[in-house]
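S.K.: I'd like to ask you about the structure that follows.
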Amino acid sequence: MESILYFDYMAVPLYLILLYSSIARGMTKGRSSRIFNWILLTSVIATFSDLGLELLVRTTPVPDTKLALAKFFAYSYFLFHNGTGFLYFLFIYSITNTWYALRKKIHFVIVCVPFAVFLGTLVSNPFTQKCFTVTAESGYTRGPLMTVFYATASVYALFGLAHLIFCIRFLDVKKWLALVSMYVLTYAAVLFQFFNGAYLVELAASALSLLFIELVVLRPDEVLDSVVGLQSWKAYLDTLHKIMITKQNVQVLAIKFINAREVKTYLGEDRYRKYIRLIADKALDLAAAEHLHAELFFEHPGSIYLIIDEHDFDSQKAIPTLIGTVEKYTYDLKGTGAKLNPKVCAIKYPDGLDNIREIKHLGHHFPELMPRDQIFIDASNISKTKEFQIINNMNDILTRAIRDEKFEVYYQPIYSIWDHKFISAEALLRLDDERYGQISPADFIPEAERRGLILPIGDFVLDAVHRFASENELEKLGLSYIEINLSVAQCLERELPSKMEALRNKYSVGPDKVNLEITETSYDNIGDIMDENLKILSEQGYSFSLDDYGVGYSNIQRVSKLPLKIVKIDKSLVDNMNTVSGKSIMNNTVRMMKDINKELVIEGVETKEDFDALRQMGCDFIQGFYFSKPLPAKDFISFLKENNLGA
Ligand code: C2E
Ligand code: MG
Ligand code: MG
Numbered sequence: 049m050e051s052i053l054y055f056d057y058m059a060v061p062l063y064l065i066l067l068y069s070s071i072a073r074g075m076t077k078g079r080s081s082r083i084f085n086w087i088l089l090t091s092v093i094a095t096f097s098d099l100g101l102e103l104l105v106r107t108t109p110v111p112d113t114k115l116a117l118a119k120f121f122a123y124s125y126f127l128f129h130n131g132t133g134f135l136y137f138l139f140i141y142s143i144t145n146t147w148y149a150l151r152k153k154i155h156f157v158i159v160c161v162p163f164a165v166f167l168g169t170l171v172s173n174p175f176t177q178k179c180f181t182v183t184a185e186s187g188y189t190r191g192p193l194m195t196v197f198y199a200t201a202s203v204y205a206l207f208g209l210a211h212l213i214f215c216i217r218f219l220d221v222k223k224w225l226a227l228v229s230m231y232v233l234t235y236a237a238v239l240f241q242f243f244n245g246a247y248l249v250e251l252a253a254s255a256l257s258l259l260f261i262e263l264v265v266l267r268p269d270e271v272l273d274s275v276v277g278l279q280s281w282k283a284y285l286d287t288l289h290k291i292m293i294t295k296q297n298v299q300v301l302a303i304k305f306i307n308a309r310e311v312k313t314y315l316g317e318d319r320y321r322k323y324i325r326l327i328a329d330k331a332l333d334l335a336a337a338e339h340l341h342a343e344l345f346f347e348h349p350g351s352i353y354l355i356i357d358e359h360d361f362d363s364q365k366a367i368p369t370l371i372g373t374v375e376k377y378t379y380d381l382k383g384t385g386a387k388l389n390p391k392v393c394a395i396k397y398p399d400g401l402d403n404i405r406e407i408k409h410l411g412h413h414f415p416e417l418m419p420r421d422q423i424f425i426d427a428s429n430i431s432k433t434k435e436f437q438i439i440n441n442m443n444d445i446l447t448r449a450i451r452d453e454k455f456e457v458y459y460q461p462i463y464s465i466w467d468h469k470f471i472s473a474e475a476l477l478r479l480d481d482e483r484y485g486q487i488s489p490a491d492f493i494p495e496a497e498r499r500g501l502i503l504p505i506g507d508f509v510l511d512a513v514h515r516f517a518s519e520n521e522l523e524k525l526g527l528s529y530i531e532i533n534l535s536v537a538q539c540l541e542r543e544l545p546s547k548m549e550a551l552r553n554k555y556s557v558g559p560d561k562v563n564l565e566i567t568e569t570s571y572d573n574i575g576d577i578m579d580e581n582l583k584i585l586s587e588q589g590y591s592f593s594l595d596d597y598g599v600g601y602s603n604i605q606r607v608s609k610l611p612l613k614i615v616k617i618d619k620s621l622v623d624n625m626n627t628v629s630g631k632s633i634m635n636n637t638v639r640m641m642k643d644i645n646k647e648l649v650i651e652g653v654e655t656k657e658d659f660d661a662l663r664q665m666g667c668d669f670i671q672g673f674y675f676s677k678p679l680p681a682k683d684f685i686s687f688l689k690e691n692n693l694g695a
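Residue numbering for the sequence shown follows the working numbering, beginning at 49 and increasing consecutively.
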């Protein structure tokens, strides 16, 4: 009976289209994608061989000219067809992030023995002729040992299916179904073929399920970073999640380029992307050279995470090579003068770590927690520190603090050189956590901003300061106004002017009693709402200060255009005053600010020398530990009574 081949004809273009689209969509990175592409390739070859064989042996006797080719196709078909089943089995372990399991000895045996048996049987066939024969007279006929081929293929199918059932707990249902479809469709097709021998549909069935998988499981938009084309941060978290559920031991190498943003601005998006990809490729090459299985992920603007299956891998030894590689390729780009500055942290999981949240936070924050001059740190050296525990538990800390009202506003007096007394103060937030004690606003304010919790916190400060001003008549204490720090999110809040109005009415505190501190980042974010807010608040009589002048890209021209009454010079400029150039920078800054009629607060003055020097330069106000640290409201009032009124 002549076989009907339409379906298998169809499989060939389908595989080719799948392969093409997989590569065109950038699915060439990562182990799963690579295995999938191999599956497509072996499937094409198997189908092609199958068709070739069928067509060549259609008419018997097979002419001698075709016989050798027909034999070749027969061997190639079995090799690649069974190979595909084997690869699909590996694919399941890879796509479910359970690759580690294959590295155990027992699993290794399960993986290798059936394939070895199959290969042995296939290779011995020319001598035994027990699997199949291709002869001129009878064409292609099966032999008794053909069952070995089916049996070994079934072993992989059974184990693959069992593994998928094990993974059902953490796989998305849609994806799970697509993965299982390979077995269901293929075995349905085999059964169909058994009863309808004329129709060859098995290969077409597996082509369809691979189409299903490519559409549902391998979604580059879900796992690839659209800009750089490497596996994304989301894919990283997803992988960590599966690692945790399946209790795997891994090692994560977090590589953070701490000047990535600057280098990116300098190189431009396109060249930066190429640069990062080059470094990523080299990092993977290094891992391959060490015979490690590594998955690489990228997070903007410049972090690379390598998940290495080898938990005990001695990363400390490998780091110099890694850094050397980064530097080498930096050197290649030297025409640009840009140089990425890497910091590396090796995180062993699960040793001592509670959950993936810790890996996530360690990966983000380790550079702040390691010595400045160091490039490499083992996570075990920082994961137990109080600083890291605070970062790791910041969400709980902030939620607790908001719920239990654990915030308190302190006041740091600001001295007026012209009036010889303290005429204002800066309101500075303090947080006393029941578990971790005092936490610096420099730590919790940025975190609150990141987690969208800054608005309620900012509202609390605004309310507390207004209450303070209404309960303690400021004039009687010698104070003109209190400075309040506003975060970017507050500046961008449409309700800010109405909130201020409500507070004015609630506490009968005029706008002249409040000065709002804004940082340069707020000005970078200047948008319609922010513009409008500043305009309305200025019209209502509020004045503004620019905080932290001298740490960003501040320039005098920009400052002169903003509606600012006061400019606050950052402590770092004061700290530099012990050098000749530092002193001259401060001197020039003061002069320029005076030229554009800004009042000047110098922050962070700790010594009499600095105070005297700044007074001589013509500064207006001094804030710093030289006079006082930030004080609780009660102590602040006593301080004023003693220093302002007592004098
Ligand atoms: P900032 O607004 O620049 O506040 C000045 C910081 O310098 C304060 O740190 C203050 O304690 C510190 N400082 C003042 N004089 C000296 C000195 O002589 N030596 C030293 N070493 N430090 C001095 P603090 O209170 O830790 O606040 C850090 C930052 O947290 C603030 O910097 C501000 O950006 C932010 N922050 C504090 N409270 C609030 C708030 O209520 N809202 C917002 N949005 N941010 C706040
Ligand atoms: Mg401030
Ligand atoms: Mg400041």
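Ideal Cβ positions, reconstructed from N, Cα and C, are used throughout, including at glycine. What you are looking at is a predicted structure, and each value in this text was computed from that prediction instead of being measured.
1. Is it buried or exposed, tryptophan 466, if we count other Cβ atoms within 10 angstroms and call 16 or more buried?
2. Thinking C-alpha only, which one of Ser80, Gln437, Leu225, Ser488 is nearest tyrosine 458?
3. Sort out for me which residues DSSP pairs threonine 183 with in a bridge.
4. Would leucine 446 and phenylalanine 492 be called neighbours here (beta carbons separated by less than 8 angstroms)?
5. Can you tell me which residues fall inside 6 angstroms of ligand 2, judged by beta-carbon distance to its nearest heavy atom, and keep chain order?
6. Consult DSSP for arginine 451 and reduce its assignment to one of helix, strand or coil.
7. Out of Val607, Phe516, Lys613, Lys524, which has the shortest C-alpha to C-alpha gap to leucine 564?
8. Do you know how far the Cα of leucine 101 is from the Cα of valine 730?
9. Would you decide whether glycine 589 is buried or exposed? Buried here means 16 or more other CB atoms lie within 10 Å of its CB.
10. Aspartate 668 and leucine 648 - do their beta-carbons sit closer together than 8 angstroms?
11. Kindly indicate which residue of Val513, Glu580, Lys554, Glu549 has the alpha-carbon position closest to the one of cysteine 539.
12. Mind listing, in chain order, the continuous alpha helix (DSSP H) runs of no fewer than 4 residues lying wholly within the region 295-366?
13. Answer with buried or exposed for alanine 72, where buried requires no fewer than 16 other C-beta atoms within 10 angstroms of its C-beta.
14. Flag this pair as yes or no: are the beta carbons of valine 165 and alanine 302 separated by less than 8 angstroms?
15. Taking only three categories from DSSP, how would you classify glutamate 541?
16. Keeping to the same chain, check which residues put their C-beta closer than 6 angstroms to that of leucine 326; ignore five residues upstream and five downstream.
17. By Cβ distance below 8 angstroms, which residues in the same chain neighbour glutamine 437 in space, the five residues on each side in sequence not counted?
18. Would aspartate 399 be called buried (16 or more neighbouring beta carbons within 10 Å of its own) or exposed?
19. Have a look at alanine 681 and lysine 330 and give me their C-alpha separation to the nearest angstrom.
20. At which residue ranges does the region 608-643 contain complete alpha helix (DSSP H) runs of 4 or more residues, listed in the order of the chain?
21. In three-state DSSP terms, what is tyrosine 458?
22. Report, in whole angstroms, the separation of the C-beta atoms of tyrosine 555 and arginine 515, which I expect to be a contact under 8 angstroms.
23. For alanine 394 and alanine 308, I'd like the C-alpha separation in whole angstroms.
24. Could you tell me if proline 111 is buried or exposed, where buried requires 16 or more neighbouring beta carbons within 10 angstroms of its beta carbon?
25. Check aspartate 507 in the structure and name its three-state DSSP category.
26. Check whether the Cβ of glutamate 580 lies closer than 7 angstroms to any heavy atom of ligand 3, and answer yes or no.
27. Could you tell me the boundaries of the beta strand (DSSP E) in which glycine 485 lies?
28. Among Gly526, Thr183, Val374, Leu525, whose alpha-carbon lies nearest the alpha-carbon of threonine 108?
29. In chain order, which continuous runs of the alpha helix (DSSP H) of length 4 or greater are located wholly inside the region 560-600?
30. Is it a yes or a no for the region 179-193 touching the region 138-157, going by three-plus beta-carbon pairs under 8 angstroms?
31. Evaluate threonine 433 with the Cβ neighbour count: other Cβ atoms within 10 Å of its Cβ, from every protein chain shown; 16 or more gives buried, anything less gives exposed.
32. For my contact list, serine 91 and serine 254 are in at a C-beta cut-off of 8 angstroms; report their separation, rounded to the angstrom.
33. Are there 16 or more other CB atoms within 10 angstroms of the CB of isoleucine 213, so buried, or fewer, so exposed?
34. Should isoleucine 425 go down as buried or exposed, given a rule of 16 or more other Cβ atoms within 10 Å for buried?
35. Whose C-alpha, out of Leu582, Phe592, Leu479, is nearest the C-alpha of tyrosine 529?
36. Could you tell me the distance, in whole angstroms, from the CA atom of arginine 451 to the CA atom of alanine 550?
M.R.: Judging by the given coordinates:
1. Locating residue 466 in the sequence shown gives position 418, counting from the first residue. Flag for tryptophan 466 reads exposed.
2. The residue given as residue 458 occupies position 410 in the sequence shown. Among Ser80, Gln437, Leu225, Ser488, the Cα nearest to that of tyrosine 458 is on Ser488.
3. By one-based count along the sequence shown, residue 183 stands at place 135. Answer is Gly187.
4. For the purposes of this step, residue 446 is identified with residue 398 of the sequence shown, where counting begins at 1. For the purposes of this step, residue 492 is identified with residue 444 of the sequence shown, where counting begins at 1. Yes, the pair counts as a contact, with Cβ atoms nearer than the cut-off.
5. Glu474, Asn533, Glu565, Asp595
6. In the sequence shown, residue 451 corresponds to position 403, counting from 1. Three-state DSSP puts arginine 451 in a helix.
7. As a working mapping, residue 564 is identified with position 516 in the sequence shown. Nearest C-alpha to leucine 564: Lys613.
8. Limits of the chain in this structure are 49 at one end and 695 at the other, which puts residue 730 out of reach.
9. Looking up residue 589 in the sequence shown gives position 541. Exposed: under 16 other Cβ atoms inside 10 Å.
10. In the sequence shown, residue 648 corresponds to position 600, counting from 1. In the sequence shown, residue 668 corresponds to position 620, counting from 1. Their beta carbons are under 8 angstroms apart, which means leucine 648 touches aspartate 668 by this criterion.
11. If you number the sequence shown from 1, residue 539 lands on position 491. For cysteine 539, the nearest C-alpha among the options comes from Glu580.
12. 308-315, 317-337
13. Stepping through the sequence shown from its first residue, residue 72 is reached at position 24. Alanine 72 is exposed by the Cβ-count criterion.
14. As a first step, residue 165 must be located in the sequence shown, where it is residue number 117. As a first step, residue 302 must be located in the sequence shown, where it is residue number 254. No, the Cβ-Cβ distance between valine 165 and alanine 302 is not below 8 angstroms.
15. Within the sequence shown, residue 541 is the residue found at index 493, counting from 1. Coil.
16. Counting from 1 along the sequence shown, the entry for residue 326 is found at position 278. So the qualifying residues of the chain are Tyr377.
17. Here residue 437 corresponds to residue number 389 of the sequence shown, with the count starting at 1. Taken in chain order, the residues that qualify are Tyr484.
18. In the sequence shown, counting from the first residue as 1, residue 399 sits at position 351. The residue in question, aspartate 399, is exposed, as its Cβ has fewer than 16 Cβ neighbours within 10 Å.
19. Along the sequence shown, one-based indexing puts residue 681 at 633. Along the sequence shown, one-based indexing puts residue 330 at 282. C-alpha separation (whole angstroms): 57 angstroms.
20. 619-623, 628-643
21. As a working note, residue 458 is residue 410 in the sequence shown. DSSP places tyrosine 458 in strand when its eight states are reduced to three.
22. On the sequence shown, position 507 is the one that residue 555 refers to. On the sequence shown, position 467 is the one that residue 515 refers to. The pair is a contact, with the Cβ atoms about 6 angstroms apart (cut-off 8 angstroms).
23. For this step, residue 394 is matched to residue 346 along the sequence shown. For this step, residue 308 is matched to residue 260 along the sequence shown. Looking at the two C-alpha atoms, the distance is approximately 20 angstroms.
24. By one-based count along the sequence shown, residue 111 stands at place 63. Proline 111 is exposed by the Cβ-count criterion.
25. Here residue 507 refers to the residue found at position 459 of the sequence shown. Here aspartate 507 sits in helix by DSSP.
26. For the purposes of this step, residue 580 is taken as the residue at position 532 of the sequence shown. No, the beta carbon of glutamate 580 sits no closer than 7 angstroms to any heavy atom of ligand 3.
27. As a first step, residue 485 is located in the sequence shown; it is residue number 437 there, counting from the start. Segment 485-487, the beta strand (DSSP E) holding glycine 485.
28. The sequence position of residue 108 within the sequence shown is 60, counting from 1. The shortest C-alpha separation from threonine 108 is found at Thr183.
29. 568-572, 576-588
30. no
31. As a working mapping, residue 433 is identified with position 385 in the sequence shown. Label assigned to threonine 433: exposed.
32. On the sequence shown, position 43 is the one that residue 91 refers to. On the sequence shown, position 206 is the one that residue 254 refers to. Indeed they touch by this definition, with Cβ atoms about 7 angstroms apart.
33. Within the sequence shown, numbered from 1, the residue matching residue 213 stands at position 165. With fewer than 16 Cβ atoms within 10 Å of its Cβ, isoleucine 213 is classed as exposed.
34. For this step, residue 425 is matched to residue 377 along the sequence shown. Classification of isoleucine 425: buried, given that the 10 Å Cβ count is 16 or more.
35. In the sequence shown, counting from the first residue as 1, residue 529 sits at position 481. When only C-alpha atoms are compared, the closest one is Phe592.
36. Taking the first residue of the sequence shown as position 1, residue 451 is located at position 403. Taking the first residue of the sequence shown as position 1, residue 550 is located at position 502. Distance between the alpha carbons of arginine 451 and alanine 550: 23 angstroms.
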